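S.K.: Let me give you the structure first, and then I'll get to my questions.
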Amino acid sequence: MLVCGCNVFCVLPLLNGWHFLYGGSQTFKFFKLFLTFFSFLKLLLNSFEGDTFQIAKTLSQDSIVFWREVCCWAWHIVNTRSIFTENLSLHSVDKQKSCDKNQKICSKKKNKTDEENFGGSLALVPLVDMLNHSPDASCVPFFDNKMGFFKVIAEHHSIVAGQQLFFCYGAHNNDQLWIEYGFRLLENPFNRVNISIDLFVALAERCGQKVESARREIFKKARLPCTIYATDEIPSFALRKNASILLMKKSKLSNWSQYLFSDDKNGEEEEILTSPEIKLIVAILRKLENALIARRNECLMEEICASWDDQIQILKRMLIKY
1 MLVCGCNVFC VLPLLNGWHF LYGGSQTFKF FKLFLTFFSF LKLLLNSFEG
51 DTFQIAKTLS QDSIVFWREV CCWAWHIVNT RSIFTENLSL HSVDKQKSCD
101 KNQKICSKKK NKTDEENFGG SLALVPLVDM LNHSPDASCV PFFDNKMGFF
151 KVIAEHHSIV AGQQLFFCYG AHNNDQLWIE YGFRLLENPF NRVNISIDLF
201 VALAERCGQK VESARREIFK KARLPCTIYA TDEIPSFALR KNASILLMKK
251 SKLSNWSQYL FSDDKNGEEE EILTSPEIKL IVAILRKLEN ALIARRNECL
301 MEEICASWDD QIQILKRMLI KY
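For the sequence shown, full-length UniProt numbering assigns the number 1 to the initial residue and increments by one for each residue that follows.
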């Protein structure tokens, strides 16, 4: 599927059960449904052009709910099976049709933003669209520009007949997988706990650490992340350096970068585990863990609860050493 502006070019196999629609009243019902949906899309397009309430005036509430569900189904049926690929220019798609009306419409659009062109990176590739996701991918699909078609290679895995092929959709945590594709993984190495600097500072203050404005400015300049990944066995280098900023003597704050990075040796793990920075980080993470558990206990939706569980599990794994 190639997407450019408002024009979509795709070839999809007929849906299972299509043959039941042939003949008589069933065919009539299908095309009536199609025309109704087409009318809805026209109204939707008009609403984007400024007539915001046109749909609400024309369709009943039940119809709006119905077509919203249909649109969501159509979106997910494509989005969950499509892959990201490099955008192709119009002329590289088909040079012989460069004067096509649709292409002229596209060529008139100027100053497109990345967001407007985002759909152009989606592609539906036969057979490849049947491959499922795994962080431990057994193959890699890619487009061979010279040959002009997609290839699937498995250089580092031996695959026997009948074995399912997996490739990695990307470094998606479980929240992203659930939102985009509707599933979660029991063990996902891409899960993480995102801790903003503001949250890190707030938790440090809850631990009795005084954070002056000078240190807050250093955090902004240093721009060191506090993220904790599922694969982290100990707090990351950046997280430890953020703790160092909190513990740095006031006399050193004016030349903070010199002191912060002058000794960038990782040292022995045992030495790191007993450092003052680690002790402060552990106290901060325990505060965060308790806060997440409290949120988890108030959660009513199973999917949202699972998100809290993933983050709590990451913190527990890291804190078990201390």
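The beta-carbon is built from N, C-alpha and C at its ideal position, and this holds for glycine as well. No experiment lies behind these values; they were computed from the predicted model shown.
#1: Our contact map puts A204 next to C168 with C-beta atoms below 8 Å; I'd like the distance itself, whole angstroms only.
#2: Do L315 and L288 come within 8 Å of each other at the CB atom, strictly closer than that value?
#3: So, do the segment 66–77 and the segment 157–175 have three or more beta carbon pairs nearer to each other than 8 Å?
#4: If we call anything under 8 Å between Cβ atoms a contact, is L253 one with A214?
#5: Below 7 Å CB to CB, which residues in the same chain sit around K101 once its five sequence neighbours on both sides are set aside?
#6: Is the number of C-beta pairs between the segment 188–199 and the segment 211–227 that are closer than 8 Å three or more?
#7: Specify the secondary structure class of V211 as computed by DSSP and reduced to three states.
#8: Name the two residues that bound the continuous beta strand (DSSP E) containing P225.
#9: When the Cα atoms are used, what is the spatial distance from D198 to S251?
#10: Mapping DSSP to helix, strand and coil, what is A204?
#11: Hey, S60 and L124: beta-carbon distance below 8 Å or not?
#12: From what residue to what residue does the alpha helix (DSSP H) around F261 run?
#13: With H, G and I counted as helix, E and B as strand and the rest as coil, what does DSSP make of A123?
#14: Check the C-beta distance from A243 over to L280 and give it rounded, since I have them as a contact under 8 Å.
#15: Compute the Euclidean distance between the alpha carbons of N188 and W308, then round it to the nearest angstrom.
#16: R317 by DSSP, collapsed to three states: which one?
M.R.: Based on what the coordinates show:
#1: As a working mapping, residue 204 is identified with position 204 in the sequence shown. As a working mapping, residue 168 is identified with position 168 in the sequence shown. By a beta-carbon distance limit of 8 Å, A204 does not contact C168. Their separation comes to about 36 Å.
#2: For the purposes of this step, residue 288 is taken as the residue at position 288 of the sequence shown. For the purposes of this step, residue 315 is taken as the residue at position 315 of the sequence shown. Inclusion of L288 and L315 in the CB contact set at 8 Å is warranted, their separation being smaller than that value.
#3: no
#4: Here residue 253 corresponds to residue number 253 of the sequence shown, with the count starting at 1. Here residue 214 corresponds to residue number 214 of the sequence shown, with the count starting at 1. Yes, these two residues count as a Cβ contact at 8 Å.
#5: If you number the sequence shown from 1, residue 101 lands on position 101. With a pLDDT of only 39 at K101, under the threshold of 50, the placement of this residue in the model should not be trusted; the figure read from the coordinates follows. So no residue of the chain qualifies.
#6: With contact defined as three or more Cβ pairs closer than 8 Å, the segment 188–199 and the segment 211–227 are in contact.
#7: Sequence index remark: in the sequence shown, residue 211 carries index 211 (1-based). V211 falls in the coil class under three-state DSSP.
#8: Mapped onto the sequence shown, residue 225 falls at position 225. Premise fails: P225 is in no beta strand (DSSP E) and is neither H nor E.
#9: Working through the sequence shown from its first residue, we reach residue 198 at position 198. Working through the sequence shown from its first residue, we reach residue 251 at position 251. Cα to Cα, D198 sits roughly 24 Å from S251.
#10: One-based indexing of the sequence shown puts residue 204 at position 204. Looking at A204 - three-state DSSP - the assignment turns out to be helix.
#11: Start at 1 with the first residue of the sequence shown, and residue 60 comes out as number 60. Start at 1 with the first residue of the sequence shown, and residue 124 comes out as number 124. Taking 8 Å as the Cβ cut-off, S60 and L124 do not qualify as a contacting pair.
#12: For the purposes of this step, residue 261 is taken as residue 261 along the sequence shown, with counting starting at 1. First-last of the alpha helix (DSSP H) with F261: W256 to S262.
#13: Translated into the one-based positions of the sequence shown, residue 123 becomes position 123. If DSSP states are grouped into helix, strand and coil, A123 belongs with the strands.
#14: If you number the sequence shown from 1, residue 243 lands on position 243. If you number the sequence shown from 1, residue 280 lands on position 280. The distance from the Cβ of A243 to that of L280 is about 5 Å, consistent with a contact at the 8 Å cut-off.
#15: Against the sequence shown, residue 188 aligns to sequence position 188. Against the sequence shown, residue 308 aligns to sequence position 308. Approximately 14 Å between the Cα atoms of the pair.
#16: The sequence position of residue 317 within the sequence shown is 317, counting from 1. Looking at R317 - three-state DSSP - the assignment turns out to be helix.
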